[in-house]
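Worksheet: the structure to be examined is printed underneath.
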Amino acid sequence: MKRLLWLLVMGAAVLLARAEEAKEKPTRPIPAIERVLIISIDGLRPDRLLLANTPVIHGMIKNGAFTMWAQTTAVSITLPSHTSMLTGVVPRKHGIEWNEDLPLLHPIYPKVPTVFELAHKWNYTTALISGKSKFHTLAKPGTITYMWIPEGRDIEDDAPVADEAVKIIKEHKPELTFVHFPANDKRGHKYGWGSAEQMVAIEQADACVGRVLAALDEAGVREHTLIILSADHGGAGLTHGPEDPRSRNIPWIANGPTIKKGFDLTQSIELMVRTEDTCATACYVLGLGQFPYFDGKPVLYAFDNPPKP
């Protein structure tokens, strides 16, 4: 009898797994957008970006919708702010209010699903490539299809991150990809925000962004990809932190199908783009839905005639 029950349970599990595999993807409100790429340049302050020699990112601004007045979380530090970017909620809701590697005294994963988890439930393939080991906190098992995060250490240079991102995009063409470049933040903490050394890091990040976009072209998916480029915080002196406008202001740039060209989002006096809106916008275009607990909203103003969520 026990063996029969075990067989029935195992059979049901197999059927459920097959049903999950066969699940159709949701209806996307903008059919031309099939994929989302989110790029975060750690610690990128908007005024420094505009002064840097960044032809790739400036090209994204020219050909996309943008604001240099987007707002990150009030705490303005890496892990809480990136978690808000990828969950659509403020830190007190997702619970990641610390900034270390896998602490034992705090929850390891956010209290709410990441955009990876929401996408994975609908059988979208997902990828997370980051230069800081603390991003394991955002890689809940079973939610990331392709992942590269350094173990127990951070990467000082953006090139290895770009190498892995290019490889994953060209080989696997994930439908939701997040790429995090750490070097700008590292240079800011060592030499200062706005220092010559940090400006070099911004320009090197721009070249790495160019490589990632070229990988989309080579994979034949760029024309169907929404690209969002942003940051987790800015900074001043050798640091960044709560309620400092030099830390809270971040760039937010969108490129892709039906995105307005050369469009400054501050033309709307009502709209203030926030980092939580990145998750909400990705969920919107992938048809994942908008959830009552979200603090973020899709940035519909960036699109030409978008259907309402």
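Residue numbers (the working numbering): -3 to 305. Here a beta-carbon is modelled for each residue, glycine too, at the ideal position from N, C-alpha and C. None of these values were measured; they are calculated from a predicted model.
Just how far apart, CA to CA, sit residue i and residue j?
i, j, result
"residue 24", "residue 224", "18 Å"
"residue 266", "residue 299", "16 Å"
"residue 166", "residue 48", "29 Å"
"residue 62", "residue 199", "19 Å"
"residue 205", "residue 297", "24 Å"
"residue 239", "residue 233", "15 Å"
"residue 42", "residue 230", "8 Å"
"residue 73", "residue 183", "15 Å"
"residue 195", "residue 260", "24 Å"
"residue 56", "residue 37", "14 Å"
"residue 220", "residue 150", "32 Å"
"residue 88", "residue 118", "27 Å"
"residue 123", "residue 173", "5 Å"
"residue 32", "residue 278", "7 Å"
"residue 273", "residue 302", "16 Å"
"residue 136", "residue 113", "8 Å"
"residue 264", "residue 177", "30 Å"
"residue 237", "residue 21", "40 Å"
"residue 148", "residue 186", "20 Å"
"residue 53", "residue 226", "11 Å"
"residue 215", "residue 168", "9 Å"
"residue 309", "residue 83", "Within the shown structure, residues of the chain are numbered from -3 to 305, placing residue 309 beyond reach of any answer."
"residue 256", "residue 58", "10 Å"
Does the separation of the CB atoms of residue i and residue j fall below 8 Å?
i, j, result
"residue 40", "residue 78", "no"
"residue 197", "residue 211", "no"
"residue 250", "residue 208", "no"
"residue 175", "residue 140", "no"
"residue 282", "residue 142", "no"
"residue 44", "residue 190", "yes"
"residue 26", "residue 254", "yes"
"residue 164", "residue 170", "yes"
"residue 280", "residue 85", "no"
"residue 97", "residue 129", "yes"
"residue 222", "residue 92", "no"
"residue 202", "residue 50", "yes"
Using the Cβ count rule (16 or more neighbours within 10 Å means buried), how would you classify residue i?
i, result
"residue 218", "buried"
"residue 81", "buried"
"residue 276", "buried"
"residue 192", "exposed"
"residue 268", "exposed"
"residue 18", "The predicted position of residue 18 is uncertain, since its pLDDT is 46 and thus under 50; a value taken from the coordinates is nonetheless stated next. Looking at its Cβ environment, which holds fewer than 16 other Cβ atoms inside 10 Å, residue 18 is exposed."
"residue 76", "buried"
"residue 292", "buried"
"residue 286", "exposed"
"residue 127", "buried"
"residue 181", "buried"
"residue 294", "buried"
"residue 105", "buried"
"residue 109", "buried"
"residue 284", "buried"
"residue 152", "exposed"
"residue 213", "exposed"
"residue 252", "buried"
"residue 60", "buried"
"residue 158", "buried"
Helix, strand or coil: how does DSSP classify residue i here?
i, result
"residue 180", "helix"
"residue 124", "strand"
"residue 268", "coil"
"residue 23", "coil"
"residue 202", "helix"
"residue 289", "coil"
"residue 187", "helix"
"residue 40", "coil"
"residue 225", "strand"
"residue 297", "helix"
"residue 50", "coil"
"residue 208", "helix"
"residue 307", "Since the first residue of the chain shown is -3 and the last is 305, residue 307 is not available in this structure."
"residue 18", "Reliability of the predicted coordinates at residue 18 is poor, the pLDDT of 46 falling under 50, and no value is obtained from them."
"residue 68", "coil"
"residue 302", "coil"
"residue 284", "coil"
"residue 234", "coil"
"residue 32", "strand"
"residue 247", "strand"
"residue 255", "strand"
"residue 273", "helix"
"residue 63", "strand"
"residue 154", "coil"
Please find out if some non-hydrogen atom of the ligand COA comes closer than 7 Å to the beta-carbon of residue i.
i, result
"residue 271", "Among the components modelled here there is no ligand, and therefore nothing to report on the ligand COA."
Contact between the segment 63 to 71 and the segment 247 to 262 (3+ Cβ pairs under 8 Å):
Result yes; three or more Cβ-Cβ pairs closer than 8 Å.
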